[in-house]
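Residue numbers (our numbering): 1439 to 1804.
By construction, the Cβ of each residue, glycine as well, lies at the ideal position given by its N, Cα and C atoms.
Here the structure comes first, spelled out in structure tokens, and everything after it is commentary.
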């Protein structure tokens, strides 16, 4: 650690008004929204002052994580109950951890770090005499990607092999970046930056009673110092790595993957085209079916309308016939009455009566 007056920094951030987690673990209450905004404003103001004084980043940065982030930390890290998570308070700093705790970052978890830290990463950190917490987030994605690749090609995750494939660079004061050597730079895709990641740290303590051990020195160091490596065991074919065979295999695998991808894309294009044709046929069939249904419905409506018209016409005809019959009966009755009252009827009656008197009534009453 750099020779700095840590007490000055601690005294300065006391102005934030929060007790240190190093002195009162788990005694703070979650702030409400208003007090949270006030705390953030004071953190920003104090960080600006410390930055203007030229302080290193670990003296400047307060953690912006909250108690509510604990569940996410446990979920991302896959840690068991054998680990205890502590959220730093505003006066805490990444290099001044409570006793028994060590600093880790949320972005490290997002890039693949899990607990317990993979043994080959701890062995590498021990060889470099640095702490796993001093590695940048992208270091973990690069190392884990390399580990998966070596496992795929059945190469051992030996310290000697990892050391030959990687190189370490200093990104900032007491912050280091491990990456693959340029000739093995076929693992790509890391984010170009992790904005604000140094302010997203938490403290972690392992449960010694449960047998959870660190296999490297977790304390921070100013610079990496490589230890002497033991002779490598012949557990793998050196030509696989040093002869560029691994790179060639990865390149070939990528070409195969791209070819398979193109074939899959072609199949998917043909599939989409076929599905479109099927949908078009279905659409045409549905349109014809709908048109036929509409015609049938129109025909049925016409039949019903014609039936209604015929029924109405029949009813009107019956009414006319009935009316004509009534008019005929009325006319007949009137003509009959008029005839009975007419002079002609009287003459007929007189003529008939004379006939009876002249010829007699024989046969009329039988």
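Among all the DSSP beta bridges, which residues are the ones paired with residue i?
| i | result |
| --- | --- |
| residue 1522 | 1643 |
| residue 1406 | In the structure as shown, the chain starts at 1439 and stops at 1804, and residue 1406 therefore has no counterpart that could be examined. |
| residue 1531 | 1534 |
Could you say which of the options lies nearest to residue i if we only look at CA atoms?
| i | options | result |
| --- | --- | --- |
| residue 1637 | 1498, 1593, 1559 | 1498 |
| residue 1532 | 1598, 1657, 1487 | 1657 |
| residue 1639 | 1543, 1488, 1549 | 1543 |
| residue 1632 | 1647, 1752, 1615, 1641 | 1615 |
| residue 1605 | 1644, 1565, 1591 | 1565 |
| residue 1538 | 1521, 1529, 1757 | 1521 |
| residue 1525 | 1594, 1536, 1726 | 1536 |
| residue 1599 | 1587, 1607, 1608 | 1587 |
| residue 1474 | 1753, 1613, 1485, 1502 | 1502 |
| residue 1666 | 1601, 1736, 1755, 1717 | 1601 |
| residue 1478 | 1589, 1591, 1529, 1706 | 1529 |
| residue 1504 | 1736, 1523, 1515 | 1523 |
Specify the secondary structure class of residue i as computed by DSSP and reduced to three states.
| i | result |
| --- | --- |
| residue 1543 | strand |
| residue 1604 | strand |
| residue 1439 | Residue confidence for residue 1439 is low, a pLDDT of 46 falling below 50, so the modelled location carries little weight; the figure read from the coordinates is stated next. Note: residue 1439 maps to coil in three-state DSSP. |
| residue 1464 | Caution applies to residue 1464, whose pLDDT of 46 falls short of 50 and renders its modelled position unreliable; the model cannot decide the point. |
| residue 1805 | Residue numbering for the chain in the displayed model covers 1439 to 1804; residue 1805 lies beyond these limits and cannot be assessed. |
| residue 1744 | helix |
| residue 1618 | strand |
| residue 1573 | strand |
| residue 1578 | helix |
| residue 1655 | coil |
| residue 1636 | helix |
| residue 1666 | coil |
| residue 1516 | coil |
| residue 1595 | coil |
| residue 1700 | helix |
| residue 1583 | helix |
| residue 1590 | helix |
| residue 1705 | helix |
| residue 1753 | helix |
| residue 1484 | helix |
Please check the pair residue i and residue j, which I expect to be a contact at CB under 8 angstroms, by giving their CB distance rounded to whole angstroms.
| i | j | result |
| --- | --- | --- |
| residue 1568 | residue 1494 | Between residue 1494 and residue 1568 the Cβ distance is about 16 angstroms, and since that is not below 8 angstroms, they are no contact. |
| residue 1527 | residue 1562 | Not a contact, Cβ separation roughly 32 angstroms. |
| residue 1635 | residue 1560 | About 21 angstroms; that fails the 8 angstroms criterion. |
| residue 1500 | residue 1481 | 5 angstroms |
| residue 1619 | residue 1642 | With a Cβ gap of about 31 angstroms, residue 1619 and residue 1642 do not count as contacting. |
| residue 1661 | residue 1608 | 7 angstroms |
| residue 1541 | residue 1571 | 5 angstroms |
| residue 1552 | residue 1518 | The Cβ separation is near 11 angstroms, so there is no contact. |
Between the region 1563 to 1581 and the region 1533 to 1552, can you find at least three pairs of beta-carbon atoms closer than 8 angstroms?
Segments in contact, yes.
When the Cβ atoms of the region 1578 to 1586 are set against those of the region 1555 to 1565, are three or more pairs found closer than 8 angstroms?
Flag = yes, the region 1578 to 1586 and the region 1555 to 1565 touch.
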